[in-house]
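Peer 1: Chains as they are written, first to last, in my numbering: chain A, 49 to 223; chain B, 49 to 223.
Ideal Cβ placement from N, Cα and C applies to all residues, glycine included.
Small disclaimer: the values here were computed from a predicted structure and weren't measured.
Quick one: the structure is below, questions incoming.
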DNA sequence: CAAGTATTGTTGAGCACTCAAACAAGTATC
DNA sequence: GATACTTGTTTGAGTGCTCAACAATACTTG
């Protein structure tokens, strides 16, 4: 991609990256496993259900739902189709935009979510929060925030990060 | 799973969890995307290649490789099969244990890895390390360490975490 | 308003991962 | 030296994800 020699990772960075990688992988696969085993729900679907459950009237436009649950449209479309098969979600035509579809969480779906939640929360607590000090929780939140917002405002492309930070207000720390 | 009412997440924990989730998801999918786009290698395969490249004689027993790359044996077997198709890895019979197979990184595979590495490292740097202060890198490493080691020494099962921490030395912080 | 363009959402093919089952070679037991 | 147990690895079916192509509707602009 960037043709020239990259800035390789330092020892510490290497270690941090690899540890982070295994930590995240094991954490997510543990969580996924619990959910799958005890409730037969993939974590991605769980997220969709949660977002719907929190939306007014338990319904959202597909595209909003996609954004909220960090899915691609394609993925969401497939996912909702499966959830519809289970009777957990229904698709309705959008009244204001004839292209649109609205996904709505059914009562059955809500019940399924309610049933799945306690086990899931317990798993997250045991695998994550029970392992961290309160300070670390705060740190993790800040770090995650930084990573996530960087992904939204991607760097100007081209060089590693020139002096070209056009007057964007937040997030673009200090180039 | 744990029948009784779970300890729900606090506001802060909720937020931390969700932010972490999106951060990790976007980060990994960005990294995956770069690798896939620029080098046609899934990140999981990249990890396998890296581990092999670092091993003596660029070869490892399947099971060791599985552990090193945090794959299940099944996954690794499939993955190595694909890598073999590309000519990047070869399977050899293990001399000392006739059950065993040894995966070895070929020269072609090594070259492919060399070609992919700079872009990958650049992506990791831009998406992760450029966004974090040095302190945060340290914090992230510690947090990841805590999460990962918790997964290795899973809690005694049953209650949330009783007083039953048998005299294990490290990792089992303070129940 | 006609023509072009952008958005919304679906579809199908192809790949990777998971789980459970099968196998095959080594080890222990009787 | 046959029995069962364990370990190392593969296999196949099933599921979710990604990517590219498509269809339908909405917006924009000369």
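1. Where does residue 53 (chain B) fall in DSSP's three states?
2. Are residue 123 (chain B) and residue 132 (chain B) touching if we call contact CB-CB under 8 Å?
3. For residue 175 (chain B), return the contacting residues in chain A, with the cut-off set at a CB-CB distance below 8 Å.
4. Going along the chain, which residues of its own chain have a beta-carbon closer than 6 Å to the beta-carbon of residue 49 (chain A), five neighbours each way excluded?
5. What is the residue span of the beta strand (DSSP E) that residue 107 (chain B) lies within?
6. For the beta strand (DSSP E) holding residue 153 (chain A), just list the boundary residues, first then last.
7. Going by the beta-carbon positions, is the gap between residue 164 (chain B) and residue 89 (chain B) smaller than 8 Å?
8. Just verifying my parser: in three-state terms, what is the DSSP assignment at residue 134 (chain B)?
9. Sorted by chain position, which residues of the same chain lie with C-beta nearer than 8 Å to residue 79 (chain B)'s C-beta, five sequence neighbours on each side aside?
10. Within this structure, are the beta carbons of residue 106 (chain B) and residue 153 (chain B) separated by less than 8 Å?
11. Counting only Cβ-Cβ distances shorter than 7 Å, please list the residues of the segment 95-110 of chain B near chain A, keeping chain order.
12. Helix, strand or coil for residue 145 (chain A) per DSSP?
13. Looking only at its own chain, which residues have a Cβ that is under 8 Å from the Cβ of residue 81 (chain A), when we skip the five neighbours before and after it?
14. For residue 180 (chain B), which three-state DSSP category applies?
15. Would you please verify whether the beta carbon of residue 14 (chain B) is less than 8 Å from any beta carbon of chain A?
16. I need the straight-line Cα distance from residue 129 (chain A) to residue 100 (chain A), nearest angstrom please.
17. Excluding the five sequence neighbours on either side, which residues of its own chain have a C-beta within less than 6 Å of the C-beta of residue 121 (chain B), listed in chain order?
18. Residue 159 (chain B) CB to nearest chain A CB: under 8 Å?
19. Drop a sphere of 10 angstroms on the beta-carbon of residue 58 (chain A), count the other beta-carbons inside from all chains shown, and report buried for 16 or more, exposed for fewer.
20. Roughly how many whole angstroms lie between the Cα atoms of residue 86 (chain B) and residue 127 (chain B)?
21. Take every Cβ of the segment 184-198 of chain A, pair it with every Cβ of the segment 59-79 of chain B, and state whether three or more of those distances are shorter than 8 Å.
22. Closer than 7 Å: is that where the CB of residue 95 (chain A) sits relative to any heavy atom of the ligand NAP?
23. Where residue 102 (chain B) and residue 63 (chain B) are concerned, what is the direct C-alpha to C-alpha distance, given to the nearest angstrom?
24. Which residues in chain B sit within 7 Å of residue 73 (chain A), going by Cβ to Cβ distance?
25. Got a sec: is the Cβ-Cβ distance from residue 90 (chain B) to anything in chain A below 8 Å?
26. Does the beta carbon of residue 123 (chain A) sit closer than 8 Å to a beta carbon anywhere in chain B?
27. So, for residue 65 (chain A): in the same chain, excluding its five sequence neighbours on each side, which residues have a beta-carbon less than 8 Å away from its beta-carbon?
28. Going along the chain, which residues of its own chain have a beta-carbon closer than 8 Å to the beta-carbon of residue 76 (chain B), five neighbours each way excluded?
29. Taking the alpha helix (DSSP H) that residue 88 (chain B) falls in, what are its first and last residues?
Peer 2: Let me lay it out:
1. Three-state DSSP puts residue 53 (chain B) in coil, outside helix and strand.
2. The Cβ atoms of residue 123 (chain B) and residue 132 (chain B) do not sit closer than 8 Å to each other.
3. Per Cβ cutoff of 8 Å: 195, 198, 199.
4. Unreliable placement is indicated for residue 49 (chain A), whose pLDDT of 45 sits below 50; the coordinate value is still reported in the next sentence. Result list for residue 49 (chain A): empty, nothing under 6 Å.
5. Per DSSP, the continuous beta strand (DSSP E) segment holding residue 107 (chain B) begins and ends at 107-109.
6. Its beta strand (DSSP E) spans residues 149-153.
7. Cβ distance < 8 Å, so residue 164 (chain B) and residue 89 (chain B) count as in contact.
8. Reduced to three states, the DSSP call for residue 134 (chain B) is coil.
9. Once the five neighbours on either side are set aside, the close Cβ partners of residue 79 (chain B) are 91, 168, 171, 172, 175.
10. Against a cut-off of 8 Å, the Cβ pair of residue 153 (chain B) and residue 106 (chain B) comes out as a contact.
11. Taking 7 Å as the Cβ-Cβ cut-off against chain A, none of the residues of the segment 95-110 of chain B qualify.
12. DSSP places residue 145 (chain A) in coil when its eight states are reduced to three.
13. No residues qualify anywhere along the chain.
14. Three-state result, residue 180 (chain B): coil.
15. Lying before the first or after the last residue shown, residue 14 (chain B) is absent from chain B, which here runs from 49 to 223.
16. Distance between the alpha carbons of residue 129 (chain A) and residue 100 (chain A): 15 Å.
17. Only 114 meet the Cβ criterion.
18. Answer no: the Cβ-Cβ gap between residue 159 (chain B) and chain A never drops below 8 Å.
19. Around the beta carbon of residue 58 (chain A), fewer than 16 other beta carbons lie within 10 angstroms, which makes this residue exposed.
20. Those two C-alpha atoms are separated by around 19 Å.
21. A contact between stretches requires three or more CB pairs, one per stretch, nearer than 8 Å, and the segment 184-198 of chain A meets this requirement with the segment 59-79 of chain B.
22. Absent from the structure shown: the ligand NAP. Ligands present: none.
23. Annotation: residue 102 (chain B) to residue 63 (chain B) spans about 39 Å, alpha carbon to alpha carbon.
24. Per Cβ cutoff of 7 Å: 118.
25. Not one chain A Cβ lies under 8 Å of residue 90 (chain B).
26. When Cβ-Cβ separations below 8 Å define contact, residue 123 (chain A) makes no contact with chain B.
27. Cβ neighbours of residue 65 (chain A) beyond the five flanking positions: 57.
28. Answer for residue 76 (chain B): 91, listed in chain order.
29. Element bounds for residue 88 (chain B): n/a, residue is neither H nor E.
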